[in-house]
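Peer 1:
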Amino acid sequence: MRKRRLMDTSDTAKPARENYPTVSAIIIHDNKVLLRRDEQRYNWLTPNTHIGIEETPIEALFRQVRLETGLPQNNLTALLPYVDNLTLERDEAEGFTQPLPFDIDIHKVGQGNHYHVDTAYILVSTTDELTPEADSPPDLQWFSEEELGDLMMTSKITISRARYALNKYRENPPK
Numbered sequence: 142m143r144k145r146r147l148m149d150t151s152d153t154a155k156p157a158r159e160n161y162p163t164v165s166a167i168i169i170h171d172n173k174v175l176l177r178r179d180e181q182r183y184n185w186l187t188p189n190t191h192i193g194i195e196e197t198p199i200e201a202l203f204r205q206v207r208l209e210t211g212l213p214q215n216n217l218t219a220l221l222p223y224v225d226n227l228t229l230e231r232d233e234a235e236g237f238t239q240p241l242p243f244d245i246d247i248h249k250v251g252q253g254n255h256y257h258v259d260t261a262y263i264l265v266s267t268t269d270e271l272t273p274e275a276d277s278p279p280d281l282q283w284f285s286e287e288e289l290g291d292l293m294m295t296s297k298i299t300i301s302r303a304r305y306a307l308n309k310y311r312e313n314p315p316k
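Residues are numbered in our numbering as their position in the sequence shown, beginning at 1, plus a constant of 141.
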């Protein structure tokens, strides 16, 4: 197992960060990944959203995917690289299990101290037909792994998550 140094949090001279929980979906259909064009920066992103106060990460994920793409939850299967936590016993009165994301990324957004703590999940769609429910739907497009390499103005994390998801899908596609 590879060891990595965790982020140093001992520097108290920095101003307080404002951390906001978000969730992202890497959606796969027929060896392609769905991306949406960000209207402000004109780069490609995965569907993502802030997690509401009364939502679990998975509820927020399916809410946003339905809004941005029109894909209902029953057309999507979560591809979970890690399932060990689903077998842990829980006190029913105190909590419930959420599947583990395949990635957690903390990144600064805009100016100031606004940060997203983003968890990412892989979803496999049974269809490539998209019917967004948003009032002004995003530009959506399916990309093959080869096409991902040609994208300009797209973050490294978006590309690397998409490639990781495609590899996991090829290794163990849902039945």
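Backbone N, C-alpha and C define an ideal beta-carbon position, used for all residues, glycine too.
#1: When DSSP labels each residue in this structure, what does Y305 get in the three-state scheme?
#2: So who's on the other strand from V206, going by DSSP bridges?
#3: Are there three or more Cβ pairs, one per stretch, closer than 8 Å when the segment 158-175 is compared with the segment 243-260?
#4: How should N172 be labelled, buried or exposed, when 16 other C-beta atoms within 10 angstroms of its C-beta is the threshold for buried?
#5: For the segment 267-275 against the segment 182-196, are there 3 or more C-beta pairs whose distance is under 8 Å?
#6: How is L217 classed by DSSP in three states: helix, strand or coil?
#7: I'd like to know if the segment 296-312 and the segment 257-264 are in contact, where contact means that at least 3 CB-CB pairs between them fall below 8 Å.
#8: For E230, count the other beta carbons within 10 Å of its own beta carbon; 16 or more makes it buried, fewer makes it exposed. Which is it?
#9: Give the list of continuous beta strand (DSSP E) stretches no shorter than 3 residues that lie fully inside the segment 233-269.
#10: Return the Cβ separation of E209 and P162 in integer angstroms, given the expectation that the two are a contact with Cβ distance under 8 Å.
#11: For E312, name the three-state secondary structure that DSSP assigns.
#12: Among S165, L220, E312, whose alpha-carbon lies nearest the alpha-carbon of T197?
#13: Would L307 and I169 qualify as a contact pair, given that the criterion is a beta-carbon distance under 8 Å?
#14: Under 7 Å Cβ to Cβ from Q282, same chain only, skipping five residues before and after it: list those, please.
#15: For the structure I just gave you, are there three or more beta carbon pairs, one from the segment 199-207 and one from the segment 220-229, closer than 8 Å?
#16: Does the separation of the CB atoms of T190 and I167 fall below 8 Å?
#17: Contact check, I132 vs D259 under 8 Å by CB: the rounded distance?
#18: Do T319 and N216 have their C-beta atoms within less than 8 Å of each other?
Peer 2: According to the structure data:
#1: helix
#2: Paired residue(s): none; V206 is not in a bridge.
#3: yes
#4: When all chains shown are included, N172 counts as exposed.
#5: no
#6: strand
#7: yes
#8: exposed
#9: 244-249, 255-266
#10: The pair is not a contact, with the Cβ atoms about 18 Å apart (cut-off 8 Å).
#11: Residue state, collapsed to three classes: helix.
#12: The option with the nearest alpha carbon to T197 is S165.
#13: yes
#14: L176
#15: no
#16: no
#17: For the chain, the structure presents residues 142 to 316; residue 132 sits outside this window and is missing.
#18: In the structure as shown, the chain starts at 142 and stops at 316, and residue 319 therefore has no counterpart that could be examined.
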